[in-house]
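Worksheet: the structure to be examined is printed underneath.
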Amino acid sequence: MSEGIEALQLKEEDVTKFLASGAHLGAQNVDRHLESYVYKRKADGIHIINLRKTWEKLVLAARVIAGIENPADVCVLSSRPYGTRAVLKFAHHTGATPIAGRFTPGTFTNQIQKAFREPRLLVVTDPQFDHQSITESSYVNIPVIALCNTDSPSRFVDIAIPCNNRGVQAIGTMWWMLAREVLFLRGIISRKTPWDVMPDLYFYREPEDIEKEEQAAALAAAKPEETYPQTTSSDWVSAPAATEQVGGSTDWGEQPATTTTDWASEPVTGKVEGFSAVKEDDWGASNYKSAGWEADTTNTTTTADWGASTTEGDWA
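The numbering used here numbers the first residue of the sequence shown as 81 and each following residue consecutively.
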């Protein structure tokens, strides 16, 4: 379909985005109406979607959306949480009317309720979850464009874009590609320059992660910034010259002179109770009698004298 027009051909960078997000990975089951979009089947049963046919259907859907005069007449819908952020971003950039979350039955058929709408085109994320809106659109002749997996029901779907509609990155990438192609066809952005909007903005994010980032931003804003004194060239002074040491030498590599002290030659300055001061270095001097260190020779017994000779027997 887009082989003859160079601007509509599939580029290598777009293929890289498809592969990185997993948009080419289908389900293990295949609907009979979507068999023509399957390229191969992996060993684990996952079907590989032909990305060339995915790109052709995406360009066709973008041409249909760009052909509507009033962008608000295009209704984009996602009942699944993973596609709500992508739908809101798509509506913000293209001017479409978003329905993020639960679809109220009778929105397209019941004229009494306040949420009644009459769109000219409906774009859904998953035909299996958005079956109520697709059924009502068939009652009032609203064309339907849907992101279909290999096992998605294709009844009442006019343009099926084969892709992985269950992954967070795959859903965001497909909506980002569709929004970029619509803006290209409307002439809002040029094909020669890349779009400044990143695909990450279309990815679903957990509410807890958003709250944590908001709290971190609030703490960073409340924390006062630390101010540091400004230094000028006049604040820098020359280093003081090295002064001469006490020893009279300025050689830093010279070993300092050391003095030894003879501890034995120093006099005893104090006397410990119970001990007499010893002035001479003679360990054999009998100066410890006052402390009771001498042997007790008063209590002598003949039976405990092992060196004395005995009359009972000669041990020698």
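C-beta: ideal position from N, C-alpha, C; glycine also. Quick caveat: nothing in here was measured; it's all calculated off a predicted structure.
Legend entry - Spatial distance of aspartate 276 from isoleucine 145 (CA atoms): For the purposes of this step, residue 276 is taken as residue 196 along the sequence shown, with counting starting at 1. For the purposes of this step, residue 145 is taken as residue 65 along the sequence shown, with counting starting at 1. Put simply, the backbone Cα of aspartate 276 is about 21 Å away from that of isoleucine 145.
Inset, instruction - Please state if the CB of serine 159 and the CB of phenylalanine 183 are separated by a distance shorter than 8 Å. - result: The residue you call residue 183 lines up with position 103 of the sequence shown. The residue you call residue 159 lines up with position 79 of the sequence shown. Result yes, Cβ atoms of phenylalanine 183 and serine 159 sit closer than 8 Å.
Legend entry - For valine 118: DSSP bridge partner residues: On the sequence shown, position 38 is the one that residue 118 refers to. Answer is Ile129.
Inset, instruction - Kindly indicate the opening and closing residues of the beta strand (DSSP E) around alanine 176. - result: To locate residue 176, count along the sequence shown from 1; it is residue 96. Taken as a continuous stretch (DSSP letters only), alanine 176 belongs to no beta strand (DSSP E), as it is neither H nor E.
Legend entry - Contact under 8 Å by Cβ, proline 199 with valine 237: If you number the sequence shown from 1, residue 199 lands on position 119. If you number the sequence shown from 1, residue 237 lands on position 157. Taking a C-beta distance under 8 Å as the contact criterion, proline 199 and valine 237 do not qualify as a contact pair.
Inset, instruction - May I ask you to report which of helix, strand or coil DSSP gives proline 233? - result: Position 153 of the sequence shown holds residue 233. Proline 233: coil per DSSP, three-state reduction.
Legend entry - Helix, strand or coil at alanine 100 according to DSSP, with G and I counted as helix: Position 20 of the sequence shown, counting from 1, holds the residue named residue 100. Reduced to three states, the DSSP call for alanine 100 is helix.
Legend entry - Whole-angstrom C-beta distance between valine 167 and valine 154, which should lie under 8 Å: Residue mapping note: residue 154 aligns to position 74 of the sequence shown, counting from 1. Residue mapping note: residue 167 aligns to position 87 of the sequence shown, counting from 1. Rounded, the Cβ-Cβ distance is 11 Å, inconsistent with contact.
Legend entry - Simplified DSSP state of isoleucine 268, which is helix, strand or coil: Walking along the sequence shown from the start, residue 268 turns up at place 188. Coil.
Inset, instruction - Counting only the same chain and skipping the five closest in sequence on each side, list residues whose C-beta sits under 8 Å from that of alanine 429. - result: Here the chain covers residues 81 to 396 and nothing more, so residue 429 does not appear.
Legend entry - DSSP-derived helix/strand/coil call for leucine 105: Walking along the sequence shown from the start, residue 105 turns up at place 25. Of the three classes helix, strand and coil, the one that applies to leucine 105 here is strand, per DSSP.
Legend entry - Alpha-carbon spacing of glutamine 89 relative to valine 95, whole angstroms: On the sequence shown, position 9 is the one that residue 89 refers to. On the sequence shown, position 15 is the one that residue 95 refers to. Cα to Cα, the separation comes out at about 11 Å.
Inset, instruction - Within 10 angstroms of the Cβ of threonine 164, are there 16 or more other Cβ atoms? Answer buried if so, exposed if not. - result: Here residue 164 corresponds to residue number 84 of the sequence shown, with the count starting at 1. Burial call: buried.
Inset, instruction - Please name the residue, chosen from Gln295, Cys243 and Glu261, that lies closest to alanine 103 on a Cα-to-Cα basis. - result: By 1-based counting over the sequence shown, the position of residue 103 is 23. Of the listed residues, the one whose Cα sits closest to alanine 103 is Cys243.
Legend entry - N- and C-terminal bounds of the alpha helix (DSSP H) containing serine 218: Your numbering for residue 218 matches position 138 in the sequence shown. Start and end: 211 to 219.
Inset, instruction - Put leucine 263 into one of helix, strand or coil per three-state DSSP. - result: For the purposes of this step, residue 263 is identified with residue 183 of the sequence shown, where counting begins at 1. Note: leucine 263 maps to helix in three-state DSSP.
Legend entry - Residue span of the beta strand (DSSP E) that contains serine 158, given as start and end: Position 78 of the sequence shown, counting from 1, holds the residue named residue 158. Its beta strand (DSSP E) spans residues 154 to 158.
Legend entry - C-alpha distance - arginine 112 paired with lysine 169, whole-angstrom precision: To locate residue 112, count along the sequence shown from 1; it is residue 32. To locate residue 169, count along the sequence shown from 1; it is residue 89. Arginine 112 and lysine 169: Cα-Cα distance of roughly 33 Å.
Inset, instruction - Please say whether proline 279 and glutamate 256 have beta carbons closer to each other than 8 Å? - result: Here residue 256 refers to the residue found at position 176 of the sequence shown. Here residue 279 refers to the residue found at position 199 of the sequence shown. Position check: residue 256 holds tryptophan in this sequence, whereas glutamate was assumed. Yes. Within cutoff.
Inset, instruction - Ignore the nearest five residues each way along the sequence and tell me which others in arginine 210's own chain have a CB closer than 7 Å to its CB. - result: Position 130 of the sequence shown holds residue 210. Looking at the sequence provided, one finds aspartate at residue 210 rather than arginine. Excluding residues within five positions, the ones whose Cβ falls inside 7 Å are Leu157, Ser159, Phe183 and Val204.
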